[in-house]
Amino acid sequence: MKSTVTLFAATLALTLSFGAAAQNKRDYHMDVYDAGCKTCHDQGMKRFPSDEACLQCHSMDEVAKQTERHGEVARQNPHDSMHYGKEAPCQECHGEHTAKKALCQECHNFDYPKFK
Amino acid sequence: MHNRRSFMKLGAGMAAGAMMPMVASAKCGDEPTQWDSEHEVIIIGSGFAGLAAAVEAMRKGAKDVVVFEKMGVYGGNSTLNAGQACFAGTELQKKLGIKDSAELMVKDQLKSGRGIASETLLRHSAELGPYIYQMTKDCGCVYRDHIITTGGTSATRSHQVVERSGSGFIRPMLDTARKMGVKTHIRHKFEHLIRDAKGRVIGIKVRKGYHFGHEDSGEVISVKANRGVIIATGGFGYNINFRMAQDPTLTSEVGCTNAKGATGDGLIEMLAAGATPVHLAHIQSGPWASPDEGGFGYGAGFSLYNFPHSIAIDRNTGQRFMNEIADRKTRADLELQRRDQDGNPNPALLIAPKHEAKKDPSMHNVLKYNVAWEFDSVEAIAKHFNVPLAPLKQQIADWNGFVENGEDTQFGKRMDAGRGIKLTAPFIVQRLWPKVHYCQGGIQINTKAEVLAAKTGKPIPGLYAAGEVTGGIHGVSRLGGCSTPECMAFGVTAARSIMEA
Ligand SMILES: Cc1cc2nc3c(=O)[nH]c(=O)nc-3n(C[C@H](O)[C@H](O)[C@H](O)COP(=O)(O)OP(=O)(O)OC[C@H]3O[C@@H](n4cnc5c(N)ncnc54)[C@H](O)[C@@H]3O)c2cc1C
């Protein structure tokens with residue numbers, strides 16, 4: 006019994022660390038990884054982080070500025086779009102552990118070259 | 006940027022909150038022993054119907070209105086919509102010298118409903134048109150000065166917001182509702198109605214913290230509705246099993262213009278509560294859609310503009326296969342039959358003359374985003390798309406003959422629609438593949454937006470519905486621009502009824 010538990014725990018630890026290794030692709034998030042999973046997983050490890058989690062460090066205004074577009078394509082700014090304004094929560098388009106695409110791209114072939 | 010310490014603090018606080026014991030919630034249909042929260046009016050869904058209901062409830066003196074939206078973003082199909090709304094008898098129509106009336110609008114819609122539309126519900130909605138038009142303006146929506154002529158209407162009445170998108174309604178209405186005190190929540194998925202022993206709807210179970218596609222995410226809470234519940238959850242275009250049960254031709258091969266959340270949740274739950282289903286099999290596909298982008302995209306606008314003076318070609322034969330301006334259903338069915346030898350989809354080609362196509366801003370967008378391509382010659386089209394050249398050349402020559410003679414002897418297309426425009430090089434070519442667009446069917450309501458029980462034909466107390474989740478209003482085929490005003494009219498009506506009850 007005990008050995009099963011240990012084995013299970015070991016496998017779990019392995020999975021988690023493998024998982025974490027695969028996830029730690031973003032150098033600019035190293036600080037966050039160092040601070041521990043709960044830094045983002047503010048609602049417990051089995052849940053999605055809250056929509057406020059990313060906003061501890063980022064602000065909508067700041068990212069909207071970073072992806073600003075001008076003229077006829079101004080409203081293609083994913084962080085300040087025609088359809089959703091500045092209200093689309095980060096996790097609609099971004100995933101730290103899953104590949105995602107921008108919500109706008111469900112209907113439009115827009116190019117977001119710096120999308121991560 | 007916030008500093009690192011602030012995220013650590015928030016992280017710790019949230020974790021503590023999440024550890025609080027969950028309140029026991031009730032089984033489906035039973036009164037819970039404990040409510041997690043309560044509101045005067047609960048509205049489910051944040052599209053036209055839900056937001057119009059929210060604003061109107063506040064206008065009628067409600068103090069505590071909540072809107073629950075299951076997705077991460079507000080507005081459902083409504084914010085993706087083309088921003089067109091048919092109203093009869095507005096100030097703008099008068100200013101432009103357009104004679105119109107609710108009566109005439111109902112007549113047009115009855116015709117397209119092919120005998121099974123609801124005259125009373127259409128009339129109720131059309132008569133509220135000028136109120137809705139003014140209400141949207143009060144919310145800050147801005148209309149273009151130009152009114153559009155849409156198919157099947159005998160007076161020009163499709164008013165369009167300047168954004169040419171339903172977001173031109175949704176964003177200002179959402180702001181207004183919030184300013185009036187309406188509480189709005191994303192990631193709250195309505196799961197069940199809660200009814201008391203007498204069958205009255207007294208609350209809902211809602212999954213808080215829901216992430217679309219992760220059905221177990223979040224937690225289910227019980228929320229009490231002191232006056233009642235308005236279901237405004239939209240259509241079921243994205244629920245492939247459910248739509249195929251109604252119309253087996255609408256397989257996963259057929260795309261969809263809708264928002265991903267259009268899965269019919271509210272409809273299915275009301276059916277479970279004994280509501281009356283109406284016309285569920287009448288599902289409209291858009292024949293103007295492109296398989297080279299998702300949803301409605303830009304292609305729909307391009308083909309809508311160009312269909313009258315362009316031809317649609319089968320790639321196997323190089324020949325036309327339909328009247329390009331027949332009704333939506335006729336064209337969508339024929340487009341779906343375009344197949345390669347193995348039976349796989351082989352989308353038809355819409356061939357448009359650039360000299361005319363360039364007059365609409367849509368051409369710029371389809372070319373820019375790879376939804377259509379320019380070709381200098383018939384040969385280039387044939388080569389690129391592997392179409393037999395000789396029949397294609399013959400077809401284009403024949404077509405130009407029809408333009409000259411004013412008669413389409415092949416498919417009987419109304420040739421005055423093309424205004425004598427010839428199909429000559431250079432060409433713009435877009436592929437066509439229908440997408441599920443709109444559900445005419447849903448649950449039955451009356452002119453008070455009360456949901457009617459199948460067993461008794463009487464209203465289910467405390468339950469109201471509005472928008473695409475309701476059915477039977479438009480019959481076989483809804484006219485373009487006629488959903489927006491109807492969703493809002495019944496949202497307003499539901500709010501009035503709930504505040505008067
Ligand atoms: C691309 C496109 C273009 C269109 N253009 C036009 C046009 O120009 N003119 C016109 O008249 N009509 C048009 N239509 C049709 C019209 O826009 C829709 O019929 C209308 O928006 C439906 O409004 P609604 O409020 O009923 O539903 P929606 O706007 O779809 O809103 C329903 C909301 O409820 C949410 N929801 C669903 N289930 C749940 C649940 N369980 N819990 C909580 N929330 C839930 C959904 O996520 C959604 O946000 C168009 C439709 C599309 C898709």
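For the protein sequence lines, the chains are A and B, in the order given.
Take any residue in the first sequence, count from 1 to its spot, add 5: that is its number in the working numbering.
Take any residue in the second sequence, count from 1 to its spot, add 5: that is its number in the working numbering.
Glycine included, every Cβ here is placed at the ideal spot set by N, Cα and C.
The model shown is predicted, which means the values in this text are computed figures rather than measured ones.
Three-way DSSP call (helix, strand, coil) for residue i in this model
i              : result
W378 (chain B) : strand
I191 (chain B) : coil
K32 (chain B)  : Because K32 (chain B) sits at a pLDDT of 41, beneath the cut-off of 50, its placement in the model cannot be relied upon, and the point is left open.
V481 (chain B) : coil
H314 (chain B) : helix
K213 (chain B) : strand
A26 (chain A)  : Unreliable positioning characterises A26 (chain A) in this predicted model, as indicated by a pLDDT of 43, which lies under 50. A coordinate reading is not provided.
S170 (chain B) : coil
Q342 (chain B) : coil
G306 (chain B) : helix
K440 (chain B) : strand
P490 (chain B) : helix
L127 (chain B) : helix
Q110 (chain A) : helix
A506 (chain B) : coil
Y469 (chain B) : strand
Y148 (chain B) : strand
V60 (chain B)  : helix
G204 (chain B) : coil
H424 (chain B) : Per the sequence presented here, residue 424 (chain B) reads as Arg, with His not at that position. Correct three-state label for R424 (chain B): coil.
G447 (chain B) : strand
G186 (chain B) : coil
P118 (chain A) : coil
Close-in-space but distant-in-sequence residues of the same chain around residue i (CB under 7 Å, 5 per side omitted)
i              : result
A58 (chain A)  : C45, D47
R419 (chain B) : I330
P3 (chain B)   : Residue 3 (chain B) lies beyond the range of chain B shown here (6 to 506); nothing can be said about it.
Residue span of the beta strand (DSSP E) that contains residue i, given as start and end
i              : result
Q89 (chain B)  : 89 to 91
G233 (chain B) : 224 to 236
E455 (chain B) : 455 to 457
Q289 (chain B) : 288 to 291
F407 (chain B) : That residue, F407 (chain B), is in no beta strand (DSSP E); its alpha helix (DSSP H) goes 394 to 410.
H44 (chain B)  : 42 to 49
V383 (chain B) : Element bounds for V383 (chain B): not the beta strand (DSSP E) but the alpha helix (DSSP H), 383 to 390.
Boundaries (first-last residue) of the alpha helix (DSSP H) holding residue i
i              : result
A277 (chain B) : 270 to 277
I245 (chain B) : 245 to 251
Y136 (chain B) : 134 to 143
D164 (chain B) : Per the sequence shown, the amino acid found at residue 164 (chain B) is His instead of Asp. Careful: H164 (chain B) lies outside any alpha helix (DSSP H), inside the beta strand (DSSP E) at 163 to 165.
L372 (chain B) : 367 to 373
CB contact flag (residue i, residue j, <7 Å)
i              : j              : result
G102 (chain B) : P135 (chain B) : no
L428 (chain B) : E340 (chain B) : no
E43 (chain B)  : A67 (chain B)  : no
I175 (chain B) : G302 (chain B) : no
H193 (chain B) : F53 (chain A)  : no
P366 (chain B) : R336 (chain B) : no
V78 (chain B)  : Y89 (chain A)  : yes
G300 (chain B) : M76 (chain B)  : no
V497 (chain B) : E36 (chain B)  : no
T181 (chain B) : C144 (chain B) : yes
Cut-off 6 Å between Cβ atoms - residues of its own chain near residue i, not counting five sequence neighbours on either side
i              : result
C109 (chain A) : P83, F115
M493 (chain B) : F53, A57, I137
W404 (chain B) : I316, L428
G55 (chain B)  : I48, V72, A237
N370 (chain B) : Y303
G406 (chain B) : none
Beta-carbon contacts of residue i that lie in its chain and below 8 Å, excluding the five residues immediately before and after
i              : result
L276 (chain B) : P282, I448
H151 (chain B) : Q165
G417 (chain B) : N328
A107 (chain B) : A93, G94, R128, A131, E132, G134
M6 (chain B)   : Caution is warranted here: a pLDDT of 41 is assigned to M6 (chain B), below 50, making its placement in the model unreliable, and no coordinate value can be reported.
Cross-chain neighbours of residue i in chain D, by beta carbon under 8 Å
i              : result
S222 (chain B) : The structure shown has no chain D; the protein chains it does contain are A and B.
Distance cut-off 6 Å: residue i Cβ against heavy atoms of ligand 3
i              : result
M327 (chain B) : Of the ligands one can find in the structure shown, namely ligand 1, none is ligand 3.
* Asked: In chain order, which beta strand (DSSP E) runs of at least 3 residues are fully inside the segment 45 to 98 of chain A?
  -> Not a single unbroken stretch of the beta strand (DSSP E) spanning 3 or more residues falls wholly within the segment 45 to 98 of chain A.
* Entirely enclosed beta strand (DSSP E) segments - the segment 77 to 115 of chain B, minimum 3 residues -> When DSSP assignments are scanned along the segment 77 to 115 of chain B, the uninterrupted stretches of beta strand (DSSP E) that are 3 or more residues long and fall wholly within it turn out to be 89 to 91.
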